[in-house]
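K.L.:
There are 2 protein chains.
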Amino acid sequence: MAAVTLKDVAERAGVSIKTVSNVVRDAPRVSEATRTRVMRAVQELGYRPNPSARRLRTGRSGLIALAVPDLATPYFAELAHHVRTEAAALGFTVLIEETLGDTKEELRLATGVGASLLDGVILSPLHVSPDELALVTDQFPLVLLGERSYEGDRVVADHVLIDNVAAAREATAHLAGLGRTRIAAIGVDKAGSATSRQRLEGFQQALHDAGLTYDPRLAPQIKDFDRGNGLRAMRALAQLPKGQRPDAVFCFSDLLAVGARRALHEADLTIPGDVALAGVDGSEEARYGTPSLTSVVPDKAAIASLAVKCLVDRVRAEDPPPFEVHVAPHWLEVRESSGGEREPLEP
Amino acid sequence: MAAVTLKDVAERAGVSIKTVSNVVRDAPRVSEATRTRVMRAVQELGYRPNPSARRLRTGRSGLIALAVPDLATPYFAELAHHVRTEAAALGFTVLIEETLGDTKEELRLATGVGASLLDGVILSPLHVSPDELALVTDQFPLVLLGERSYEGDRVVADHVLIDNVAAAREATAHLAGLGRTRIAAIGVDKAGSATSRQRLEGFQQALHDAGLTYDPRLAPQIKDFDRGNGLRAMRALAQLPKGQRPDAVFCFSDLLAVGARRALHEADLTIPGDVALAGVDGSEEARYGTPSLTSVVPDKAAIASLAVKCLVDRVRAEDPPPFEVHVAPHWLEVRESSGGEREPLEP
DNA sequence: GCGACGGATTCCAACGTTGTAACCAGTGGG
DNA sequence: CCCACTGGTTACAACGTTGGAATCCGTCGC
Numbered sequence: 001m002a003a004v005t006l007k008d009v010a011e012r013a014g015v016s017i018k019t020v021s022n023v024v025r026d027a028p029r030v031s032e033a034t035r036t037r038v039m040r041a042v043q044e045l046g047y048r049p050n051p052s053a054r055r056l057r058t059g060r061s062g063l064i065a066l067a068v069p070d071l072a073t074p075y076f077a078e079l080a081h082h083v084r085t086e087a088a089a090l091g092f093t094v095l096i097e098e099t100l101g102d103t104k105e106e107l108r109l110a111t112g113v114g115a116s117l118l119d120g121v122i123l124s125p126l127h128v129s130p131d132e133l134a135l136v137t138d139q140f141p142l143v144l145l146g147e148r149s150y151e152g153d154r155v156v157a158d159h160v161l162i163d164n165v166a167a168a169r170e171a172t173a174h175l176a177g178l179g180r181t182r183i184a185a186i187g188v189d190k191a192g193s194a195t196s197r198q199r200l201e202g203f204q205q206a207l208h209d210a211g212l213t214y215d216p217r218l219a220p221q222i223k224d225f226d227r228g229n230g231l232r233a234m235r236a237l238a239q240l241p242k243g244q245r246p247d248a249v250f251c252f253s254d255l256l257a258v259g260a261r262r263a264l265h266e267a268d269l270t271i272p273g274d275v276a277l278a279g280v281d282g283s284e285e286a287r288y289g290t291p292s293l294t295s296v297v298p299d300k301a302a303i304a305s306l307a308v309k310c311l312v313d314r315v316r317a318e319d320p321p322p323f324e325v326h327v328a329p330h331w332l333e334v335r336e337s338s339g340g341e342r343e344p345l346e347p
Numbered sequence: 001m002a003a004v005t006l007k008d009v010a011e012r013a014g015v016s017i018k019t020v021s022n023v024v025r026d027a028p029r030v031s032e033a034t035r036t037r038v039m040r041a042v043q044e045l046g047y048r049p050n051p052s053a054r055r056l057r058t059g060r061s062g063l064i065a066l067a068v069p070d071l072a073t074p075y076f077a078e079l080a081h082h083v084r085t086e087a088a089a090l091g092f093t094v095l096i097e098e099t100l101g102d103t104k105e106e107l108r109l110a111t112g113v114g115a116s117l118l119d120g121v122i123l124s125p126l127h128v129s130p131d132e133l134a135l136v137t138d139q140f141p142l143v144l145l146g147e148r149s150y151e152g153d154r155v156v157a158d159h160v161l162i163d164n165v166a167a168a169r170e171a172t173a174h175l176a177g178l179g180r181t182r183i184a185a186i187g188v189d190k191a192g193s194a195t196s197r198q199r200l201e202g203f204q205q206a207l208h209d210a211g212l213t214y215d216p217r218l219a220p221q222i223k224d225f226d227r228g229n230g231l232r233a234m235r236a237l238a239q240l241p242k243g244q245r246p247d248a249v250f251c252f253s254d255l256l257a258v259g260a261r262r263a264l265h266e267a268d269l270t271i272p273g274d275v276a277l278a279g280v281d282g283s284e285e286a287r288y289g290t291p292s293l294t295s296v297v298p299d300k301a302a303i304a305s306l307a308v309k310c311l312v313d314r315v316r317a318e319d320p321p322p323f324e325v326h327v328a329p330h331w332l333e334v335r336e337s338s339g340g341e342r343e344p345l346e347p
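In structure tokens:
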């Protein structure tokens, strides 16, 4: 296969290997004459630098990993797309990994599986604890997404996140603003993930602000943020006796909301007539469904951009800069599931 | 950072570097005594082999790429998930690339960008032509997904695909079996991709078998297989005068069907009452939507498994084996959008 | 007791690249 | 006329690993 090396190019151009190396890395100290001669040889032979050898010599690979729980979750797929784009602009290639929410796997990635293959990792953790991470973050360039893995002022890694508490509060306040009084939450997480805790807190704050009391029976515990869990949780809520049934549900993710919508459909309850629905993620699936789902939209492009820049800075830095926390914007998009207009989509 | 090398382990265990190398690769000719001693040293120091160095020496990286048009398309995200799983089982890591349907990018990947980084590529091509690929396939291990890039008997690369013609025929026949007579197709592709052509052919065959005539006005041209294109195409179809409006639509992908469902919702047409709907891909989004969408489900796990095995065989082979074509199973799942039961989902 | 044998281990060279130091012209100042 | 200097280039060594040849050592057959 394409086994053309610096040596071949050097012979062709009649210069030393090192000169060719200097040219392709465009180092200074190369005369214009030899530069063009070498470049021509490179063209003619179709030379491509060997990443492994380069990596071996320099210690840099130009490879960063994005580790997400599950690629089949639209939110992460879209995020991956943005991260790839951002990274490409900075000359980095992205290796996408799935943790499946496994703590060991998350930790393994945080420590840089083959630190010798990757320059850094962007990790979207689900279950790994701050304490476990703290042991690790100074050893390998790491940026965390969507979790707040620090206590008080002690930041143990770079973070990029949205204000989850505010996001949940806004969505819930919107539901309360419709006059709904029995508002349920789907997304309280058995494992007690940070995301889940924060969204619950925002939910409770909004209830309190609206003068409603928090009823734990309307906040069932679930396992994962997927459609099936949303479906089952909503089924259970829909079967509550008439007076206790929720008239609105804030789902901690769009997938949960999709499952909930399906359960309401099965139970012949109308949306938003009987039950209003809101989710989080701003996924296309929520936008295009019928009814379309109200959702808190995190600015995924901003998240990706901040995360990649942050990571690349750390990779390139001589000595590690202090850890930073970046908060990306989010906004609420009101759609049919909570009384928004059935406006024609403008895709 | 984790800069522990074979040398360190060797010193610790009191053996030569090569012996350690032999142990970690579990080569034969290592006594049980030294093996355990070395293993303990490996444990204690936390040694991890350096992939770049290994790659440089052996010419193998254990990295294969999966190149898909767009990760945000659920079908490809799910496929990526399966490919990762299969590859991991065989000891390979998957680098996921997005081509965005760009012909140059597809070709670049097919030639193995940095053949020196990747052992092989699984490519899901959209626009690259068989002729262009033929020039390339003998230089680099490549498996193609979902396209038939060969003429007659001349296979120019390994392929894994489903029988697209049959898939489209079955879905359309199902719609015709409901008694629908004005059946439209959404998915005829301006660029004339192979997938689109095959599904159109199956569509036409089924019409013919049902004694219906093909009306090109009911097969509008679109650009991509996404929700937006489905939405716009269906809007146009819905605005046809009463007698000409379709009473069923076969969409060439689930995303198109999702868009079409949205357009029907906007136009206050019922599904399946006014218009029955079917798609292809077997995505979760189709299963969980309301109404749930009838879909032809390709066996993604089988596709992934066949593709990875095929590629790995080629990577490992001394001299390239003959090209193979694998056909993965598919089946039709009838759901609400074409009169299926509103059965409770069993997730 | 000696040579042959075979298993276990070591030595050496290489993979393609880049950093460092050295080299080789010319140039200008003393 | 020599020296220091500069820009341009080259020689050498190393990065961590592995394939192959070479070596060592204990055992067996004679």
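Same order as they appear, the protein sequences are chains A and B.
Read in full-length UniProt numbering, the first sequence has 178 at position 178, and its numbers run on one by one without any break.
Read in full-length UniProt numbering, the second sequence has 266 at position 266, and its numbers run on one by one without any break.
For glycine and all other residues, C-beta sits at the position ideal for the given N, C-alpha and C.
If you measure from the beta carbon of E201(B) to each beta carbon in chain A, is any gap under 8 Å?
P.N.:
Taking the second sequence and counting its residues from 1, one reaches residue 201(B) at position 201. No, because no Cβ of chain A sits closer than 8 Å to the Cβ of E201(B).
K.L.:
Would you check if there are 3 or more beta carbon pairs closer than 8 Å linking the stretch 298-312 of chain B to the stretch 328-338 of chain B?
P.N.:
Contact between the stretch 298-312 of chain B and the stretch 328-338 of chain B is present, because at least three Cβ pairs lie under 8 Å.
K.L.:
Is it true that the stretch 16-26 of chain A meets the stretch 64-76 of chain A, where meeting means three or more beta-carbon pairs spaced less than 8 Å apart?
P.N.:
At 8 Å Cβ cutoff, the stretches do not touch.
K.L.:
Keeping to the same chain, check which residues put their C-beta closer than 8 Å to that of S196(B); ignore five residues upstream and five downstream.
P.N.:
Within the second sequence, the letter at position 196 stands for residue 196(B). Excluding positions up to five away in sequence, the list reads G187, V188, D189 and F252.
K.L.:
Which bits of chain A does H127(B) rub up against, with CB to CB less than 9 Å?
P.N.:
Position 127 of the second sequence holds residue 127(B). Within 9 Å Cβ-Cβ: nothing; H127(B) doesn't reach chain A, min ~19 Å.
K.L.:
Quick one: what does DSSP say L231(A) is sitting in, helix, strand or coil?
P.N.:
Within the first sequence, residue 231(A) is the residue found at index 231, counting from 1. Three-state DSSP puts L231(A) in a helix.
K.L.:
Beta-carbon within less than 7 Å of A238(A)'s beta-carbon, same chain only, minus the 5 sequence neighbours each way: which residues are those?
P.N.:
Along the first sequence, read from residue 1 onward, the residue named residue 238(A) stands at position 238. Correct list, in chain order: R245, A263, L264, A267 and L269.
K.L.:
With 9 Å as the C-beta to C-beta threshold (strictly closer), list the residues of the stretch 273-288 of chain A near chain B in chain order.
P.N.:
If the cut-off is 9 Å between Cβ atoms, the stretch 273-288 of chain A has E284, E285, R287 and Y288 near chain B.
K.L.:
Run down chain B in chain order and give the residues with a C-beta less than 9 Å from the C-beta of V308(A).
P.N.:
As a position in the first sequence, residue 308(A) is number 308, starting the count at 1. Correct list: empty, because the minimum Cβ distance to chain B is about 15 Å.
K.L.:
Have a look at the DSSP bridge pairing and note the partners of residue 349(A).
P.N.:
Outside the modelled stretch of chain A, which goes from 1 to 347, sits residue 349(A), for which no answer is possible.
K.L.:
Quick one, which of R29(A), P49(A) and G14(A) has its alpha-carbon nearest T5(A)'s?
P.N.:
The count along the first sequence starts at 1 and reaches residue 5(A) at position 5. Comparing Cα-Cα distances from T5(A) to each of R29(A), P49(A) and G14(A), the minimum goes to P49(A).
K.L.:
At what residues does the alpha helix (DSSP H) containing L90(B) begin and finish?
P.N.:
Along the second sequence, read from residue 1 onward, the residue named residue 90(B) stands at position 90. That residue, L90(B), is in no alpha helix (DSSP H); it is neither H nor E in DSSP.
K.L.:
So, using beta-carbon positions, are A278(B) and S338(B) closer together than 8 Å?
P.N.:
In the second sequence, residue 278(B) corresponds to position 278, counting from 1. In the second sequence, residue 338(B) corresponds to position 338, counting from 1. In this structure, S338(B) lies closer than 8 Å to A278(B) by Cβ.
K.L.:
State the DSSP-derived secondary structure class of S295(A), mapped to helix, strand or coil.
P.N.:
Locating residue 295(A) in the first sequence gives position 295, where the first residue counts as 1. Residue state, collapsed to three classes: strand.
K.L.:
Touching or not, the stretch 165-180 of chain A and the stretch 223-235 of chain A, by the rule of three or more beta carbon pairs under 8 Å?
P.N.:
No: fewer than three Cβ pairs fall under 8 Å.
K.L.:
Counting only Cβ pairs nearer than 9 Å, list the residues of chain A close to P74(B).
P.N.:
Along the second sequence, read from residue 1 onward, the residue named residue 74(B) stands at position 74. By Cβ distance, chain A contributes A72, P74, A77 and E285.
K.L.:
What does H265(B) reach in chain A if we use C-beta pairs closer than 7 Å?
P.N.:
By one-based count along the second sequence, residue 265(B) stands at place 265. Result: T290.
K.L.:
Measure the beta-carbon distance from S61(B) to S295(A) and round it to whole angstroms, keeping in mind my assumption that it falls under 8 Å.
P.N.:
Numbered from 1 along the second sequence, position 61 holds the residue referred to as residue 61(B). Numbered from 1 along the first sequence, position 295 holds the residue referred to as residue 295(A). Going by Cβ atoms, the distance from S61(B) to S295(A) rounds to 41 Å, so no, they are not a contact pair.
K.L.:
At a Cβ threshold of 8 Å, is L117(B) touching chain A?
P.N.:
Working through the second sequence from its first residue, we reach residue 117(B) at position 117. True, the Cβ-Cβ gap to chain A drops below 8 Å.
K.L.:
Can you check whether the C-beta of L178(A) is within less than 8 Å of a C-beta belonging to chain B?
P.N.:
Numbered from its first residue, the first sequence carries residue 178(A) at position 178. Not an interface residue.
K.L.:
Evaluate contact between the stretch 207-222 of chain A and the stretch 166-185 of chain A, counting only Cβ atoms and requiring at least three cross-stretch pairs below 8 Å.
P.N.:
Yes, since at least three Cβ pairs between the stretch 207-222 of chain A and the stretch 166-185 of chain A fall closer than 8 Å, the two stretches touch.
K.L.:
Using the beta-carbon count (16 or more within 10 Å), is H208(A) buried or exposed?
P.N.:
The count along the first sequence starts at 1 and reaches residue 208(A) at position 208. Exposed is the call here.
K.L.:
Ignore the nearest five residues each way along the sequence and tell me which others in A134(B)'s own chain have a CB closer than 7 Å to its CB.
P.N.:
Here residue 134(B) refers to the residue found at position 134 of the second sequence. The answer, listed in chain order, is V156.
K.L.:
In chain A, what lies closer than 9 Å to I96(B) by C-beta?
P.N.:
Counting from one through the second sequence, the residue named residue 96(B) turns up at place 96. What I96(B) touches in chain A: L71, A80, R84, V94, L95 and I96.
K.L.:
Which same chain residues end up closer than 6 Å to R314(A) when comparing Cβ atoms and leaving out the 5 residues on each side of it in sequence?
P.N.:
What you label residue 314(A) is simply residue 314 of the first sequence in a count that begins at 1. Excluding residues within five positions, the ones whose Cβ falls inside 6 Å are P141.
K.L.:
Which residue wins for smallest C-alpha separation from L175(B), given the options L145(B), L144(B) and A248(B)?
P.N.:
Indexing the second sequence from 1 puts residue 175(B) at position 175. Considering only alpha carbons, the answer is A248(B).
K.L.:
Among the residues of its own chain, which have a CB less than 6 Å from the CB of C310(B), if the five just before and after it don't count?
P.N.:
Taking the second sequence and counting its residues from 1, one reaches residue 310(B) at position 310. V143 and D158.
K.L.:
Using alpha carbons as the reference points, say which of A173(A), I222(A), R57(A) and G101(A) lies closest to L212(A).
P.N.:
In the first sequence, residue 212(A) corresponds to position 212, counting from 1. Checking every option, the nearest Cα to that of L212(A) belongs to A173(A).
K.L.:
Could you tell me which residues DSSP pairs with V334(A) in its beta bridges?
P.N.:
As a position in the first sequence, residue 334(A) is number 334, starting the count at 1. V334(A) is not bridged to any residue.
K.L.:
Ignore the nearest five residues each way along the sequence and tell me which others in Q204(B)'s own chain have a CB closer than 7 Å to its CB.
P.N.:
Here residue 204(B) refers to the residue found at position 204 of the second sequence. Excluding sequence neighbours, Q204(B) sits near Y214.
K.L.:
Using DSSP's beta-bridge definition, name the partner residues of F250(B).
P.N.:
In the second sequence, counting from the first residue as 1, residue 250(B) sits at position 250. Its beta-bridge partners are A185(B) and A278(B).
K.L.:
Can you tell me which residues form a DSSP beta bridge with residue 406(B)?
P.N.:
Because chain B is modelled from 1 through 347, residue 406(B) falls outside the range shown and cannot be assessed.
K.L.:
Can you check whether the C-beta of V258(B) is within less than 8 Å of a C-beta belonging to chain A?
P.N.:
In the second sequence, counting from the first residue as 1, residue 258(B) sits at position 258. Judged by the 8 Å Cβ criterion, V258(B) is in contact with chain A.
K.L.:
Classify Q198(B) as buried or exposed, calling it buried when 16 or more other Cβ atoms lie within 10 Å of its own Cβ.
P.N.:
Residue 198(B) sits at position 198 when you count from the first residue of the second sequence. Buried, by the Cβ-count rule.
K.L.:
Who are the Cβ neighbours of G146(A) in its own chain at under 7 Å, not counting the five residues just before and after it?
P.N.:
Here the question's residue 146(A) lines up with position 146 in the first sequence. Result list for G146(A): S124, L161 and T195, in chain order.
K.L.:
Identify the continuous alpha helix (DSSP H) that holds A328(A) and give its terminal residues.
P.N.:
Locating residue 328(A) in the first sequence gives position 328, counting from the first residue. Here A328(A) belongs to no alpha helix (DSSP H); instead the beta strand (DSSP E) covers V325 to A328.
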